[in-house]
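Structure first, then comments.
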Amino acid sequence: MGYASFQQYQTNKEAIYAQAQANLRTATKLAREQMKNSVGNFTLLQNAWRNGGDVAANQTAYQMISSNQNFADIIRFDTESLTAISEKQAHRARNNGLPVQSFTLPNLNWSAVTIGKHVYQLSNMYRNIEGRWVFALTKEQLAKGPSYYIEFDLLYMTQLFIDLRTLDLGFVFVMDKTNGQIIFHPHPHRVGQKAVIFDQSLKKELEQDRPIGRVNYYFEDQYKIAEYNAYNDLNWVFVSGALRSDIIAYTYSHFLIFLVSATLILVVIIFNYLVLNLRKELHTLNRATSMQKAKDQTLHIFRRFVTSKRVQVCFYHNETRDFYTLDFHGKKQLVMKNEKYARTISGEHTRFIKNAKDDVLAKHLQFSKRYYRIPLYGRGRLLGVIFAESWLATYASLINLLKTYIENSLSNLELNEKIYLHDSMTDLDNQLTLRQHVGNHIRAKDLYLMTLDVDDLNKLTTSTAICAVTK
């Protein structure tokens with residue numbers, strides 16, 4: 027599924043690039059067609075001027091401006107005085123009986139553009155006398171007379187590119203090849219601004235003589251991919267971009283299946299890893315040969331799989347009614363003697379206790395709040411209690427599973443010790459019991475071992491009953 031998702035992503039990406047290239051070709055044709063449809067106006071203007079002078083040419087120019095919304099204005103440029111007159115303003119001035127005012131054009135950069143069989147001059151974008159963003163197209167004037175510049179209104183022409191979309195949020199825009207200034211953009215307020223993509227990616231590509239290609243860039247915290255084409259005589263760069271998130275959205279179902287599958291596989295791997303490690307630890311617990319080793323392994327299991335906080339195992343001796351713990355050497359440490367408490371928790375299940383005000387044993391072990399109390403049973407008797415601190419009551423099922431294994435291990439240990447340390451005939455402690463007691467208390471101070479030597483024990487055994495001698 028991961029491979030299929032990646033392949034689908036790559037396929038969609040190439041399809042989007044193909045769509046972007048088609049949009050670039052369409053945008054180039056649209057821009058050229060608008061200019062191609064206007065070049066015939068130069069002949070009409072020149073003929074009107076030759077036949078009727080400035081007045082006739084002005085009327086013709088004003089009719090052209092009124093009938094074509096692409097035209098912002100038509101400029102009459104005097105090549106001798108290097109001054110310009112707006113035909114739109116000249117028409118208004120004549121109607122109001124005012125003198126026609128001339129002005130000076132800004133310094134413009136011109137590029138030779140081939141339209142049909144003729145060569146024209148295309149300017150860079152600039153703000154005209156009315157403050158609108160325009161670019162000018164002119165034809166070289168061979169005969170005597172003024173030169174005419176047709177100013178194209180960028181805010182109107184830019185609407186031609188609105189429907190050229192790549193996926194949902196991708197669009198086509200055009201910028202100046204020299205400085206990255208936006209000429210056409212679906213969002214009119216961007217016209218005249220510098221394109222972010224120019225400094226991030228395009229400038230370097232163009233300097234390395236790569237007029238056609240693909241680039242990536244960031245805009246408004248979104249990652250975008252774009253196809254560009256600067257291979258034209260307009261000195262423009264056509265760009266068709268798309269959001270990378272849009273591409274992913276088109277492969278969303280594949281990616282979703284892949285992520286779900288990968289998540290399930292990861293969950294299974296983690297679960298199996300935990301189960302395998304838990305089985306190893308429980309196997310080690312079952313192989314414990316003493317209560318001390320069983321206690322240490324129990325603490326290790328709880329700290330690894332249940333909680334990293336404090337855990338305490340407290341054993342219970344049913345004959346003496348003692349609750350005791352085992353130190354590092356296996357020596358018993360009496361906690362309390364309380365038969366009533368043992369009866370209280372007997373038969374009780376695992377509980378999560380938030381406050382230890384009524385738990386006598388927990389207080390002795392310095393557990394005050396938020397802990398598990400886990401009674402351990404074996405052959406119908408209380409074997410001990412485990413206390414485990416935890417902030418949340420979230421491990422009940424795991425604790426109950428561990429409880430069962432720990433109870434079995436402790437019951438088996440208790441049974442083995444009884445078989446090993448007691449005489450099966452008399453049910454009394456044997457010599458190994460004595461050896462174990464001596465071993466447990468070998469480092470204790472003020473502790474003595476007293477032995478009693480009975481004279482003629484064999485004679486007593488033969489002359490009296492064995493049971494009497496044993497007693």
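Take 27 as the starting number for the sequence shown in this note's numbering and just add one per residue.
Beta carbons are placed, not taken as given, at the ideal position from N, Cα and C, and that holds for glycine.
These numbers come from a predicted model, not from an experiment.
ask   = Span of the beta strand (DSSP E) holding GLN323?
value = From DSSP, GLN323 is part of no beta strand (DSSP E) but of the alpha helix (DSSP H) over 317-331.
inquiry  = I'd like to know whether the C-beta atoms of ALA414 and ILE425 end up nearer to each other than 9 Å.
reply    = Closer than 9 Å, so yes.
request  = Please work out which residues of its chain come closer than 7 Å, Cβ to Cβ, to ARG158, disregarding the five sequence neighbours upstream and downstream, and give them in chain order.
outcome  = Here the set comprises ALA98, ASP179 and LEU181.
Inter-residue Cα distance where the pair is VAL286 and LYS230 = Each residue's CA atom was taken as its position, placing VAL286 and LYS230 some 41 Å apart.
Those residues which DSSP pairs with ARG240 across a bridge = In DSSP, ARG240 forms a bridge with GLU253.
query = According to DSSP, which residues form a beta bridge with MET201?
reply = Per the DSSP secondary-structure output, MET201 pairs in a beta bridge with ILE208 and VAL263.
query = Is ILE155 helix, strand or coil when you go by DSSP?
reply = In the three-state scheme derived from DSSP, where H, G and I count as helix and E and B as strand, ILE155 is classed as coil.
message = With a threshold of 8 Å on Cβ separation, who are the neighbours of ASP353 within its own chain once the five nearest residues in sequence on each side are excluded?
response = Counting only Cβ-Cβ distances below 8 Å, and skipping sequence neighbours, we find GLN359.
key: For ALA252 and VAL265, the rounded distance between their alpha carbons   = Between the alpha carbons of VAL265 and ALA252 lies a distance of about 7 Å.
ILE445 burial status per 10 Å Cβ neighbour count (16 or more: buried) = Here ILE445 is exposed: its Cβ has fewer than 16 other Cβ atoms, across all protein chains shown, within 10 Å.
request  = Go ahead and pull the three-state DSSP assignment for MET476.
outcome  = Assignment of MET476 by DSSP, reduced to helix, strand and coil, places it in the coil class.
query = If you run the structure through DSSP and keep just helix, strand and coil, what is PRO500?
reply = Since the first and last residues shown for the chain are 27 and 497, residue 500 lies out of range.
ask   = Measuring CB to CB, does HIS280 end up less than 9 Å from MET27?
value = Going by C-beta atoms, HIS280 is nearer than 9 Å to MET27.
Neighbour-count burial assignment, ILE296, 16 or more Cβ in a 10 Å radius = Note on ILE296: under 16 other CB atoms within 10 angstroms of its CB, so exposed under the neighbour-count rule.
query = Under a Cβ-count criterion, where at least 16 other Cβ atoms within 10 Å of its own Cβ denotes burial, should TYR244 be classed as buried or exposed?
reply = By the 10 Å Cβ count, TYR244 comes out exposed.
inquiry  = Tell me which residues share the same chain as LYS165 and place their Cβ nearer than 6 Å to its Cβ, disregarding the 5 neighbours each side in the sequence.
reply    = Hits under 6 Å: PHE68 and TYR146.
ask   = Between TRP75 and ILE91, what straight-line distance do the alpha-carbon atoms span, to the nearest angstrom?
value = For TRP75 and ILE91, the distance between alpha carbons rounds to 16 Å.
As assigned by DSSP and simplified to three states, the class of MET90 = In the three-state reduction of the DSSP assignment, MET90 falls in the helix class.
query = What's the call for SER227, buried or exposed, on a 16-neighbour Cβ count within 10 Å?
reply = When all chains shown are included, SER227 counts as buried.
key: Where the alpha helix (DSSP H) through HIS117 begins and ends   = 113-121 is the extent of the alpha helix (DSSP H) around HIS117.
query = By DSSP, does ASP348 sit in helix, in strand, or in coil?
reply = Three-state DSSP puts ASP348 in a strand.
request  = Quickly, what does DSSP pair PHE103 with across the bridge? List them, please.
outcome  = In the DSSP output, where bridge partners are listed per residue, PHE103 has ALA110 and SER173.
query = Is LEU284 helix, strand or coil by DSSP?
reply = Checking the sequence, you will find Phe at residue 284 rather than Leu. In the three-state DSSP reduction, PHE284 falls in the helix class (H, G or I).
N-terminal and C-terminal residue of the beta strand (DSSP E) that VAL145 is part of = That run of the beta strand (DSSP E) goes 144-149.
query = With C-beta atoms as the reference, is ARG399 less than 9 Å away from VAL411?
reply = Yes, Cβ-Cβ distance for ARG399 and VAL411 is below 9 Å.
query = Within 9 Å (strictly less), CB to CB, does ASP322 reach chain B?
reply = Checking the listed chains, one finds no chain B in this structure; it contains a single protein chain.
ask   = Is any heavy atom of the ligand ADP found at a distance shorter than 8 Å from the C-beta of GLY356?
value = This structure does not include the ligand ADP; it has no bound ligands of any sort.
key: Local conformation of LEU180 per DSSP, three classes   = The answer is helix: DSSP assigns LEU180 an H, G or I state.
key: Continuous beta strand (DSSP E) stretch holding LYS357: start and end   = From DSSP, LYS357 is part of no beta strand (DSSP E); its letter is neither H nor E.
task = Answer yes or no: do ILE223 and LYS203 have a C-beta to C-beta separation smaller than 9 Å?
result = Going by C-beta atoms, ILE223 is not nearer than 9 Å to LYS203.
key: Residues near ILE405 by beta carbon distance below 7 Å, same chain, minus five either side   = The identity of residue 405 in the sequence shown is Arg, whereas the question assumes Ile. Excluding sequence neighbours, ARG405 sits near SER437.
Chain-order list of residues whose beta-carbon lies under 7 Å from that of ARG396 (same chain, five-residue window excluded) = Result list for ARG396: LYS380, GLU415, SER416 and TRP417, in chain order.
ask   = If we ignore side chains and look at the alpha-carbon of each, how far apart do GLY79 and HIS117 end up?
value = GLY79 and HIS117: Cα-Cα distance of roughly 14 Å.
message = For the pair the region 96-112 and the region 170-177, tell me if three or more CB-CB distances fall below 8 Å.
response = Counting Cβ pairs under 8 Å, three or more are found: they touch.
Endpoints, the beta strand (DSSP E) within which HIS390 is located = Unbroken run through HIS390 is the alpha helix (DSSP H), 386-390; no beta strand (DSSP E).
query = Under a Cβ-count criterion, where at least 16 other Cβ atoms within 10 Å of its own Cβ denotes burial, should ASN49 be classed as buried or exposed?
reply = By the beta-carbon neighbour count (other beta carbons within 10 angstroms, threshold 16), ASN49 is buried.
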